[in-house]
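K.L.:
Residue numbers for the sequence shown follow my numbering, beginning at 881 and rising by one. Beta carbons: idealized from backbone N, C-alpha and C, even for Gly.
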Amino acid sequence: MARRDPRPPAAPQEPSPEGSRPSTPGWRRWLRRLLPVAVVVLALQTVSGQIPGLDQIKPVVADGELAWIGVALLAEILSMSLFARQQTNLLKGVGVHASLGGALALAYTRSALSISMPAGTAVSAAYAFQRFRRWGASREAATAVMIMSGVSSFVALALLYVAGYLLIFLASPVSTWRDQPVLTLAVLVVSAGTAALLLRHRLRARASLTIHGPVDEEDLDFLATAPDPTADGAGRPARTGPVRAQLRRLGQLLRDVATVAESMPRRHRTAALGLSALNWLADLACLVAVAQAFHLPLDLLQLGTIYVAAQLVRQIPITPGGIGVIEATLLAALTAAGAEPAAAAATVLGYRLLSCWLVIPAGLTTWTFLRRADRRATAEPATAPEAGPAATGPVPAMAAVPATATVAAATKAGAATS
881 MARRDPRPPA APQEPSPEGS RPSTPGWRRW LRRLLPVAVV VLALQTVSGQ
931 IPGLDQIKPV VADGELAWIG VALLAEILSM SLFARQQTNL LKGVGVHASL
981 GGALALAYTR SALSISMPAG TAVSAAYAFQ RFRRWGASRE AATAVMIMSG
1031 VSSFVALALL YVAGYLLIFL ASPVSTWRDQ PVLTLAVLVV SAGTAALLLR
1081 HRLRARASLT IHGPVDEEDL DFLATAPDPT ADGAGRPART GPVRAQLRRL
1131 GQLLRDVATV AESMPRRHRT AALGLSALNW LADLACLVAV AQAFHLPLDL
1181 LQLGTIYVAA QLVRQIPITP GGIGVIEATL LAALTAAGAE PAAAAATVLG
1231 YRLLSCWLVI PAGLTTWTFL RRADRRATAE PATAPEAGPA ATGPVPAMAA
1281 VPATATVAAA TKAGAATS
(Lines of atoms letter the chains of each structure in order from A and count residues from 1; the text may use other names and numbers.)
(Lines give C-alpha, C1' and ligand atoms only; values in the text may rest on other atoms or scores of the structure.)
Protein backbone atom coordinates (compact mmCIF):
# COMPACT_ATOMS: atom_id res chain seq x y z
CA MET A 1 0.00 0.00 0.00
CA ALA A 2 1.40 3.28 -1.00
CA ARG A 3 1.69 4.88 2.33
CA ARG A 4 5.43 4.94 1.85
CA ASP A 5 7.69 7.16 -0.95
CA PRO A 6 17.74 5.87 -6.95
CA ARG A 7 17.97 9.46 -5.60
CA PRO A 8 16.23 11.94 -7.95
CA PRO A 9 17.68 15.35 -8.69
CA ALA A 10 17.31 17.58 -5.68
CA ALA A 11 14.49 20.12 -5.76
CA PRO A 12 15.62 23.71 -6.17
CA GLN A 13 16.16 25.38 -2.84
CA GLU A 14 16.01 28.94 -1.67
CA PRO A 15 19.49 30.31 -0.99
CA SER A 16 20.23 31.50 2.51
CA PRO A 17 20.83 35.21 3.11
CA GLU A 18 24.56 34.57 3.02
CA GLY A 19 24.18 32.83 -0.33
CA SER A 20 25.06 29.37 0.93
CA ARG A 21 23.19 26.69 2.82
CA PRO A 22 24.15 26.50 6.49
CA SER A 23 25.90 23.29 7.45
CA THR A 24 24.39 20.93 9.98
CA PRO A 25 26.42 20.41 13.15
CA GLY A 26 28.23 17.09 13.28
CA TRP A 27 26.51 15.91 16.46
CA ARG A 28 23.11 16.37 14.83
CA ARG A 29 24.12 14.30 11.83
CA TRP A 30 25.32 11.51 14.11
CA LEU A 31 22.13 11.77 16.14
CA ARG A 32 20.02 11.29 13.01
CA ARG A 33 22.06 8.22 12.09
CA LEU A 34 22.11 6.60 15.51
CA LEU A 35 18.53 7.34 16.60
CA PRO A 36 16.87 4.84 14.17
CA VAL A 37 19.38 2.15 15.19
CA ALA A 38 18.73 2.80 18.88
CA VAL A 39 14.95 2.69 18.34
CA VAL A 40 15.15 -0.63 16.47
CA VAL A 41 17.39 -2.15 19.14
CA LEU A 42 15.02 -0.96 21.88
CA ALA A 43 11.97 -2.28 20.02
CA LEU A 44 13.57 -5.68 19.52
CA GLN A 45 14.68 -5.75 23.14
CA THR A 46 11.10 -5.26 24.34
CA VAL A 47 9.94 -8.35 22.43
CA SER A 48 13.10 -10.42 22.79
CA GLY A 49 11.31 -12.92 25.01
CA GLN A 50 8.45 -13.29 22.52
CA ILE A 51 10.52 -13.98 19.38
CA PRO A 52 10.41 -17.73 18.66
CA GLY A 53 13.21 -19.61 16.98
CA LEU A 54 13.24 -20.68 13.35
CA ASP A 55 12.57 -24.28 14.37
CA GLN A 56 9.27 -23.10 15.88
CA ILE A 57 8.26 -20.89 12.96
CA LYS A 58 8.99 -23.42 10.19
CA PRO A 59 6.16 -25.85 11.07
CA VAL A 60 3.68 -22.95 11.21
CA VAL A 61 4.78 -21.68 7.81
CA ALA A 62 4.68 -25.18 6.32
CA ASP A 63 1.14 -25.61 7.62
CA GLY A 64 -0.02 -22.27 6.17
CA GLU A 65 -2.75 -22.12 3.55
CA LEU A 66 -1.48 -20.81 0.21
CA ALA A 67 -4.97 -19.75 -0.86
CA TRP A 68 -5.12 -17.18 1.93
CA ILE A 69 -1.61 -15.98 1.05
CA GLY A 70 -2.86 -15.40 -2.50
CA VAL A 71 -5.80 -13.42 -1.13
CA ALA A 72 -3.38 -11.33 0.94
CA LEU A 73 -1.25 -10.62 -2.13
CA LEU A 74 -4.28 -9.53 -4.15
CA ALA A 75 -5.44 -7.31 -1.28
CA GLU A 76 -2.06 -5.55 -1.17
CA ILE A 77 -2.06 -5.03 -4.94
CA LEU A 78 -5.58 -3.59 -4.64
CA SER A 79 -4.36 -1.29 -1.87
CA MET A 80 -1.62 0.13 -4.09
CA SER A 81 -4.09 0.58 -6.92
CA LEU A 82 -6.50 2.47 -4.65
CA PHE A 83 -3.73 4.83 -3.58
CA ALA A 84 -2.85 5.48 -7.23
CA ARG A 85 -6.50 6.23 -7.95
CA GLN A 86 -6.55 8.66 -5.03
CA GLN A 87 -3.60 10.50 -6.58
CA THR A 88 -5.15 10.67 -10.06
CA ASN A 89 -8.42 11.88 -8.55
CA LEU A 90 -6.72 14.74 -6.68
CA LEU A 91 -4.66 15.65 -9.74
CA LYS A 92 -7.81 15.73 -11.83
CA GLY A 93 -9.33 18.04 -9.24
CA VAL A 94 -6.56 20.61 -9.92
CA GLY A 95 -6.80 20.27 -13.68
CA VAL A 96 -4.02 17.71 -14.28
CA HIS A 97 -4.83 14.45 -16.07
CA ALA A 98 -2.47 11.58 -15.21
CA SER A 99 -2.77 8.00 -16.41
CA LEU A 100 -3.54 5.28 -13.87
CA GLY A 101 -0.49 3.30 -15.03
CA GLY A 102 1.82 6.24 -14.40
CA ALA A 103 0.26 6.91 -11.00
CA LEU A 104 0.61 3.23 -10.06
CA ALA A 105 4.27 3.24 -11.10
CA LEU A 106 4.78 6.39 -9.02
CA ALA A 107 3.07 4.77 -6.02
CA TYR A 108 5.43 1.76 -6.09
CA THR A 109 8.47 3.99 -6.67
CA ARG A 110 7.58 6.29 -3.78
CA SER A 111 7.03 3.31 -1.50
CA ALA A 112 10.41 1.80 -2.40
CA LEU A 113 12.18 5.12 -1.82
CA SER A 114 10.47 5.66 1.51
CA ILE A 115 11.25 2.17 2.76
CA SER A 116 14.79 1.68 1.52
CA MET A 117 16.49 5.06 1.99
CA PRO A 118 17.46 7.17 4.99
CA ALA A 119 15.11 10.17 5.19
CA GLY A 120 13.01 8.19 2.74
CA THR A 121 9.84 10.13 3.46
CA ALA A 122 11.46 13.41 2.39
CA VAL A 123 13.00 11.83 -0.70
CA SER A 124 9.65 10.27 -1.59
CA ALA A 125 7.86 13.62 -1.22
CA ALA A 126 10.46 15.42 -3.35
CA TYR A 127 10.22 12.76 -6.06
CA ALA A 128 6.41 12.95 -6.12
CA PHE A 129 6.57 16.75 -6.31
CA GLN A 130 8.90 16.57 -9.32
CA ARG A 131 6.72 13.94 -10.99
CA PHE A 132 3.54 16.01 -10.55
CA ARG A 133 5.34 19.01 -12.00
CA ARG A 134 6.46 16.92 -14.97
CA TRP A 135 2.86 15.88 -15.55
CA GLY A 136 1.88 19.54 -15.84
CA ALA A 137 0.89 20.62 -12.31
CA SER A 138 1.91 24.03 -11.07
CA ARG A 139 4.07 24.26 -7.97
CA GLU A 140 1.10 25.21 -5.82
CA ALA A 141 -1.11 22.47 -7.25
CA ALA A 142 1.57 19.79 -6.78
CA THR A 143 2.08 20.87 -3.18
CA ALA A 144 -1.66 20.88 -2.52
CA VAL A 145 -2.11 17.39 -3.96
CA MET A 146 0.63 15.92 -1.77
CA ILE A 147 -0.61 17.58 1.41
CA MET A 148 -4.26 16.77 0.70
CA SER A 149 -3.30 13.16 0.01
CA GLY A 150 -1.57 12.86 3.37
CA VAL A 151 -4.36 14.60 5.24
CA SER A 152 -7.01 12.44 3.54
CA SER A 153 -5.12 9.26 4.49
CA PHE A 154 -4.71 10.28 8.13
CA VAL A 155 -8.32 11.45 8.48
CA ALA A 156 -9.58 8.24 6.86
CA LEU A 157 -7.52 6.14 9.29
CA ALA A 158 -8.87 8.09 12.26
CA LEU A 159 -12.46 7.82 11.02
CA LEU A 160 -12.09 4.07 10.53
CA TYR A 161 -10.90 3.73 14.10
CA VAL A 162 -13.78 5.85 15.42
CA ALA A 163 -16.31 3.93 13.31
CA GLY A 164 -14.98 0.58 14.53
CA TYR A 165 -15.10 1.67 18.15
CA LEU A 166 -18.63 2.99 17.74
CA LEU A 167 -19.70 -0.41 16.45
CA ILE A 168 -18.22 -2.00 19.56
CA PHE A 169 -19.98 0.53 21.77
CA LEU A 170 -23.33 0.00 20.07
CA ALA A 171 -22.99 -3.77 20.36
CA SER A 172 -22.31 -3.68 24.12
CA PRO A 173 -22.54 -0.13 25.51
CA VAL A 174 -22.51 -1.03 29.22
CA SER A 175 -19.45 -3.27 29.18
CA THR A 176 -17.56 -0.96 26.79
CA TRP A 177 -18.17 2.06 29.02
CA ARG A 178 -17.16 0.07 32.11
CA ASP A 179 -13.93 -1.21 30.55
CA GLN A 180 -12.83 1.96 28.68
CA PRO A 181 -14.68 5.02 30.01
CA VAL A 182 -12.09 7.62 28.95
CA LEU A 183 -11.63 6.23 25.44
CA THR A 184 -15.38 5.84 24.99
CA LEU A 185 -15.98 9.44 26.03
CA ALA A 186 -13.26 10.66 23.68
CA VAL A 187 -14.70 8.73 20.74
CA LEU A 188 -18.20 10.02 21.45
CA VAL A 189 -16.93 13.61 21.65
CA VAL A 190 -15.01 13.24 18.38
CA SER A 191 -18.05 11.70 16.69
CA ALA A 192 -20.34 14.49 17.88
CA GLY A 193 -17.81 17.15 16.82
CA THR A 194 -17.41 15.59 13.38
CA ALA A 195 -21.18 15.44 12.91
CA ALA A 196 -21.49 19.09 13.99
CA LEU A 197 -18.78 20.19 11.56
CA LEU A 198 -20.43 18.32 8.70
CA LEU A 199 -23.79 19.89 9.52
CA ARG A 200 -22.25 23.36 9.78
CA HIS A 201 -20.46 22.88 6.46
CA ARG A 202 -23.69 21.84 4.77
CA LEU A 203 -25.60 24.81 6.19
CA ARG A 204 -22.87 27.25 5.15
CA ALA A 205 -22.82 25.77 1.65
CA ARG A 206 -26.54 26.48 1.33
CA ALA A 207 -26.28 30.00 2.69
CA SER A 208 -25.73 32.74 0.11
CA LEU A 209 -22.71 34.99 0.52
CA THR A 210 -23.58 38.57 -0.37
CA ILE A 211 -21.95 42.00 -0.05
CA HIS A 212 -24.29 44.54 1.49
CA GLY A 213 -24.11 47.58 -0.74
CA PRO A 214 -21.79 48.49 -3.58
CA VAL A 215 -18.05 48.98 -3.15
CA ASP A 216 -17.42 52.69 -3.63
CA GLU A 217 -14.23 54.72 -4.05
CA GLU A 218 -13.98 55.36 -0.31
CA ASP A 219 -13.84 51.61 0.36
CA LEU A 220 -11.15 51.15 -2.26
CA ASP A 221 -9.09 54.00 -0.80
CA PHE A 222 -9.32 52.45 2.66
CA LEU A 223 -8.18 49.05 1.37
CA ALA A 224 -5.29 50.66 -0.50
CA THR A 225 -4.07 52.64 2.52
CA ALA A 226 -4.78 50.02 5.22
CA PRO A 227 -1.73 49.43 7.42
CA ASP A 228 0.22 46.20 7.18
CA PRO A 229 -0.77 44.01 10.16
CA THR A 230 2.83 42.76 10.37
CA ALA A 231 4.24 46.29 10.69
CA ASP A 232 4.98 48.01 13.98
CA GLY A 233 3.79 51.43 15.08
CA ALA A 234 6.49 53.26 13.08
CA GLY A 235 5.37 51.66 9.84
CA ARG A 236 8.43 49.42 9.63
CA PRO A 237 8.03 45.65 9.24
CA ALA A 238 8.09 44.00 12.64
CA ARG A 239 11.18 41.96 13.42
CA THR A 240 10.48 38.28 13.75
CA GLY A 241 12.68 35.43 14.86
CA PRO A 242 13.49 32.41 12.69
CA VAL A 243 10.90 30.21 14.42
CA ARG A 244 8.13 32.77 13.95
CA ALA A 245 9.17 33.30 10.33
CA GLN A 246 9.01 29.56 9.66
CA LEU A 247 5.61 29.31 11.33
CA ARG A 248 4.39 32.24 9.24
CA ARG A 249 5.60 30.58 6.03
CA LEU A 250 3.98 27.31 7.04
CA GLY A 251 0.74 29.12 7.83
CA GLN A 252 0.79 30.82 4.44
CA LEU A 253 1.44 27.49 2.76
CA LEU A 254 -1.50 25.88 4.56
CA ARG A 255 -3.74 28.79 3.59
CA ASP A 256 -2.68 28.35 -0.03
CA VAL A 257 -3.45 24.64 0.14
CA ALA A 258 -6.85 25.46 1.66
CA THR A 259 -7.46 27.78 -1.28
CA VAL A 260 -6.76 24.95 -3.72
CA ALA A 261 -8.94 22.58 -1.72
CA GLU A 262 -11.83 25.05 -1.73
CA SER A 263 -11.49 25.57 -5.47
CA MET A 264 -11.49 21.82 -6.08
CA PRO A 265 -14.89 20.28 -6.85
CA ARG A 266 -16.35 18.59 -3.80
CA ARG A 267 -16.65 15.25 -5.57
CA HIS A 268 -12.86 15.00 -5.87
CA ARG A 269 -12.30 15.74 -2.18
CA THR A 270 -14.97 13.25 -1.15
CA ALA A 271 -13.60 10.61 -3.52
CA ALA A 272 -10.07 11.13 -2.15
CA LEU A 273 -11.28 10.50 1.39
CA GLY A 274 -13.25 7.43 0.32
CA LEU A 275 -10.34 5.99 -1.66
CA SER A 276 -8.06 6.56 1.32
CA ALA A 277 -10.44 4.61 3.56
CA LEU A 278 -10.62 1.77 1.02
CA ASN A 279 -6.84 1.86 0.80
CA TRP A 280 -6.52 1.25 4.54
CA LEU A 281 -9.21 -1.43 4.47
CA ALA A 282 -7.43 -3.31 1.66
CA ASP A 283 -4.18 -3.24 3.62
CA LEU A 284 -6.04 -4.47 6.70
CA ALA A 285 -7.50 -7.26 4.55
CA CYS A 286 -3.93 -8.30 3.73
CA LEU A 287 -3.13 -8.68 7.44
CA VAL A 288 -6.39 -10.54 8.09
CA ALA A 289 -5.76 -12.95 5.20
CA VAL A 290 -2.22 -13.71 6.40
CA ALA A 291 -3.57 -14.30 9.91
CA GLN A 292 -6.12 -16.73 8.48
CA ALA A 293 -3.38 -18.48 6.52
CA PHE A 294 -1.46 -19.21 9.73
CA HIS A 295 -4.59 -19.98 11.81
CA LEU A 296 -4.35 -17.06 14.24
CA PRO A 297 -7.14 -17.35 16.87
CA LEU A 298 -8.09 -13.66 16.68
CA ASP A 299 -11.27 -12.13 15.30
CA LEU A 300 -11.59 -9.23 12.90
CA LEU A 301 -12.17 -6.70 15.67
CA GLN A 302 -8.96 -7.66 17.47
CA LEU A 303 -6.91 -7.62 14.27
CA GLY A 304 -8.40 -4.27 13.27
CA THR A 305 -7.52 -2.72 16.63
CA ILE A 306 -3.95 -4.04 16.42
CA TYR A 307 -3.63 -2.85 12.82
CA VAL A 308 -4.76 0.71 13.61
CA ALA A 309 -2.40 0.89 16.60
CA ALA A 310 0.53 -0.23 14.43
CA GLN A 311 -0.33 2.30 11.72
CA LEU A 312 -0.53 5.11 14.26
CA VAL A 313 2.95 4.16 15.50
CA ARG A 314 4.13 4.15 11.93
CA GLN A 315 3.22 7.82 11.47
CA ILE A 316 6.32 8.67 13.54
CA PRO A 317 9.03 8.47 10.82
CA ILE A 318 11.89 7.23 13.00
CA THR A 319 13.01 4.38 10.75
CA PRO A 320 12.49 4.01 6.97
CA GLY A 321 9.11 2.37 6.45
CA GLY A 322 8.85 1.70 10.18
CA ILE A 323 11.22 -1.25 9.79
CA GLY A 324 11.84 -2.86 13.15
CA VAL A 325 9.27 -0.75 14.96
CA ILE A 326 6.22 -2.11 13.10
CA GLU A 327 7.40 -5.70 13.42
CA ALA A 328 7.95 -5.35 17.16
CA THR A 329 4.62 -3.57 17.65
CA LEU A 330 2.64 -6.18 15.73
CA LEU A 331 4.38 -9.11 17.40
CA ALA A 332 3.84 -7.72 20.89
CA ALA A 333 0.20 -6.86 20.21
CA LEU A 334 -0.65 -10.23 18.62
CA THR A 335 0.87 -12.25 21.42
CA ALA A 336 -0.78 -10.03 24.03
CA ALA A 337 -4.14 -10.68 22.32
CA GLY A 338 -3.71 -14.44 22.76
CA ALA A 339 -1.85 -15.65 19.67
CA GLU A 340 0.90 -18.22 19.91
CA PRO A 341 4.36 -16.64 19.47
CA ALA A 342 5.23 -18.83 16.48
CA ALA A 343 1.95 -18.12 14.67
CA ALA A 344 2.21 -14.41 15.51
CA ALA A 345 5.78 -14.24 14.18
CA ALA A 346 4.77 -16.02 10.96
CA THR A 347 1.87 -13.60 10.52
CA VAL A 348 4.09 -10.56 11.04
CA LEU A 349 6.71 -11.86 8.62
CA GLY A 350 4.10 -12.70 5.98
CA TYR A 351 2.31 -9.37 6.24
CA ARG A 352 5.50 -7.30 6.17
CA LEU A 353 6.86 -9.35 3.27
CA LEU A 354 3.83 -8.52 1.14
CA SER A 355 3.23 -4.94 2.28
CA CYS A 356 6.81 -3.71 2.67
CA TRP A 357 9.78 -5.79 1.65
CA LEU A 358 8.51 -7.00 -1.76
CA VAL A 359 7.58 -3.41 -2.58
CA ILE A 360 11.28 -2.46 -2.74
CA PRO A 361 12.21 -4.50 -5.86
CA ALA A 362 8.85 -3.67 -7.45
CA GLY A 363 9.39 0.05 -6.83
CA LEU A 364 12.93 0.03 -8.17
CA THR A 365 11.62 -1.66 -11.31
CA THR A 366 8.91 0.96 -11.83
CA TRP A 367 11.49 3.72 -11.17
CA THR A 368 13.59 2.29 -14.01
CA PHE A 369 10.61 2.38 -16.36
CA LEU A 370 9.79 5.96 -15.36
CA ARG A 371 13.39 7.02 -16.01
CA ARG A 372 13.29 5.41 -19.46
CA ALA A 373 10.01 7.14 -20.25
CA ASP A 374 11.55 10.47 -19.20
CA ARG A 375 14.55 9.92 -21.45
CA ARG A 376 12.31 9.04 -24.40
CA ALA A 377 10.21 12.15 -23.80
CA THR A 378 13.37 14.29 -23.64
CA ALA A 379 14.73 12.80 -26.83
CA GLU A 380 11.57 13.65 -28.79
CA PRO A 381 11.57 16.95 -30.70
CA ALA A 382 10.44 19.63 -28.30
CA THR A 383 7.47 21.70 -29.36
CA ALA A 384 6.54 24.97 -27.73
CA PRO A 385 3.42 24.21 -25.66
CA GLU A 386 0.69 26.75 -25.48
CA ALA A 387 -0.09 28.19 -22.10
CA GLY A 388 -3.05 26.43 -20.56
CA PRO A 389 -4.55 25.50 -17.24
CA ALA A 390 -2.40 22.38 -16.97
CA ALA A 391 0.79 24.40 -17.32
CA THR A 392 -0.14 27.34 -15.17
CA GLY A 393 -2.13 25.56 -12.51
CA PRO A 394 -5.80 25.89 -11.67
CA VAL A 395 -5.40 28.54 -8.99
CA PRO A 396 -3.24 31.39 -10.32
CA ALA A 397 -4.22 33.58 -7.38
CA MET A 398 -1.98 31.60 -5.04
CA ALA A 399 1.39 33.00 -4.17
CA ALA A 400 4.49 31.11 -5.27
CA VAL A 401 5.81 28.80 -2.58
CA PRO A 402 9.55 28.15 -2.22
CA ALA A 403 10.54 24.59 -3.00
CA THR A 404 12.06 24.07 0.42
CA ALA A 405 8.80 24.93 2.17
CA THR A 406 6.91 22.77 -0.33
CA VAL A 407 8.97 19.66 0.32
CA ALA A 408 9.07 20.21 4.10
CA ALA A 409 5.31 20.58 4.41
CA ALA A 410 4.64 17.68 2.05
CA THR A 411 7.03 15.51 4.04
CA LYS A 412 5.10 16.16 7.25
CA ALA A 413 1.80 15.41 5.55
CA GLY A 414 3.24 12.45 3.64
CA ALA A 415 4.05 10.61 6.84
CA ALA A 416 0.37 9.74 7.07
CA THR A 417 0.55 7.97 3.74
CA SER A 418 3.95 6.54 4.03
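Just to confirm before moving on: does the CB-CB distance between Ala1038 and Leu971 stay below 8 Å?
P.N.:
Not a contact, by the Cβ cut-off of 8 Å.
K.L.:
Using a threshold of 8 Å, state whether the C-beta atoms of Leu1178 and Ala1219 are closer than that.
P.N.:
Their beta carbons are under 8 Å apart, which means Leu1178 touches Ala1219 by this criterion.
K.L.:
Quick check: the Cα distance between Leu1233 and Arg1124, rounded to an integer number of angstroms?
P.N.:
Taking the straight line from one Cα to the other gives about 43 Å.
K.L.:
Taking the alpha-carbon positions, what's the Glu956 to Val976 distance?
P.N.:
Taking the straight line joining both Cα atoms gives about 27 Å.
K.L.:
Within this structure, are the beta carbons of Arg1241 and Ser994 separated by less than 8 Å?
P.N.:
Just to set this straight, residue 1241 is Pro in the shown sequence, not Arg. Contact: no.
K.L.:
What are the complete beta strand (DSSP E) segments, minimum 3 residues, inside the stretch 1148-1230?
P.N.:
Complete beta strand (DSSP E) runs here, min 3: none at all.
K.L.:
Whose C-alpha, out of Ala1072, Asp943, Gly1073 and Val1031, is nearest the C-alpha of Val1137?
P.N.:
Ranking the options by Cα distance to Val1137, first place goes to Val1031.
K.L.:
Which residue from Gln1172, Thr1209 and Leu1181 puts its Cα closest to that of Ala1189?
P.N.:
Here the closest residue by C-alpha is Thr1209.
K.L.:
Determine, using beta carbons only, whether Met866 and Ala1157 come nearer to each other than 8 Å.
P.N.:
Since the displayed the chain opens at 881 and closes at 1298, residue 866 lies outside it and no answer follows.
K.L.:
May I have a chain-ordered list of the alpha helix (DSSP H) segments no shorter than 4 residues that lie completely inside the stretch 935-1007?
P.N.:
Listed in chain order, the complete alpha helix (DSSP H) runs (minimum 4 residues) inside the stretch 935-1007 are 946-973 and 980-996.
K.L.:
With DSSP as the reference, label Leu1238 as helix, strand or coil.
P.N.:
Coil at Leu1238, not helix or strand.
K.L.:
Could you round the C-beta distance between Ala1171 and Thr1227 to whole angstroms and report it? I think they count as a contact, below 8 Å.
P.N.:
With a Cβ gap of about 5 Å, Ala1171 and Thr1227 count as contacting.
K.L.:
Would you check if there are 3 or more beta carbon pairs closer than 8 Å linking the stretch 984-992 to the stretch 943-959?
P.N.:
Output reads no: the stretch 943-959 does not touch the stretch 984-992.
K.L.:
Give the list of continuous alpha helix (DSSP H) stretches no shorter than 4 residues that lie fully inside the stretch 1038-1073.
P.N.:
List check, alpha helix (DSSP H) in window: 1053-1059.
K.L.:
Is the Cβ-Cβ distance between Leu1250 and Ala985 less than 8 Å?
P.N.:
In this structure, Ala985 lies closer than 8 Å to Leu1250 by Cβ.
K.L.:
Can you grab the Cα-Cα spacing for the pair Trp1160 / Thr1185, in whole Å?
P.N.:
So the two alpha carbons sit approximately 13 Å from each other.
K.L.:
Could you compute how far the alpha carbon of Val1003 sits from the alpha carbon of Leu1130?
P.N.:
The alpha-carbon atoms of Val1003 and Leu1130 are separated by roughly 20 Å.
K.L.:
Quick one: is Glu937 buried, meaning 16 or more other Cβ sit within 10 Å of its Cβ, or exposed?
P.N.:
Here residue 937 is Ile; the residue named in the question, Glu, does not match the sequence. Ile937 comes out buried.
K.L.:
Grab me the residues of Ser1235's own chain with a C-beta within less than 7 Å of its C-beta, minus the 5 sequence neighbours each way, in chain order.
P.N.:
Contacts found: Met881, Glu956, Asp1163 and Cys1166.
K.L.:
Use the C-beta contact count for Ala1253: other C-beta atoms within 10 angstroms, 16 or more gives buried, fewer gives exposed.
P.N.:
Classification of Ala1253: exposed, given that the 10 Å Cβ count is below 16.
K.L.:
Taking the continuous alpha helix (DSSP H) assigned at Leu1134, which residues delimit it?
P.N.:
Taken as a continuous stretch (DSSP letters only), the alpha helix (DSSP H) holding Leu1134 covers Pro1122 to Ser1143.
K.L.:
Taking just the CA atoms, how far does Ser1143 sit from Leu1134?
P.N.:
Whole-angstrom Cα-Cα distance: 14 Å.
K.L.:
In whole angstroms, what separates the C-alpha of Leu1192 from that of Gly1044?
P.N.:
Whole-angstrom Cα-Cα distance: 15 Å.
K.L.:
Among Phe1174, Gly1204 and Ala1225, whose alpha-carbon lies nearest the alpha-carbon of Glu945?
P.N.:
Nearest option by C-alpha distance: Phe1174.
K.L.:
Note down the Cα distance separating Gln1010 from Ala983, rounded to an integer number of angstroms.
P.N.:
Computed Cα separation, rounded: 13 Å.
K.L.:
For a quick check, are the C-beta atoms of Ser1071 and Val1042 less than 8 Å apart?
P.N.:
Yes, they are a contact pair.
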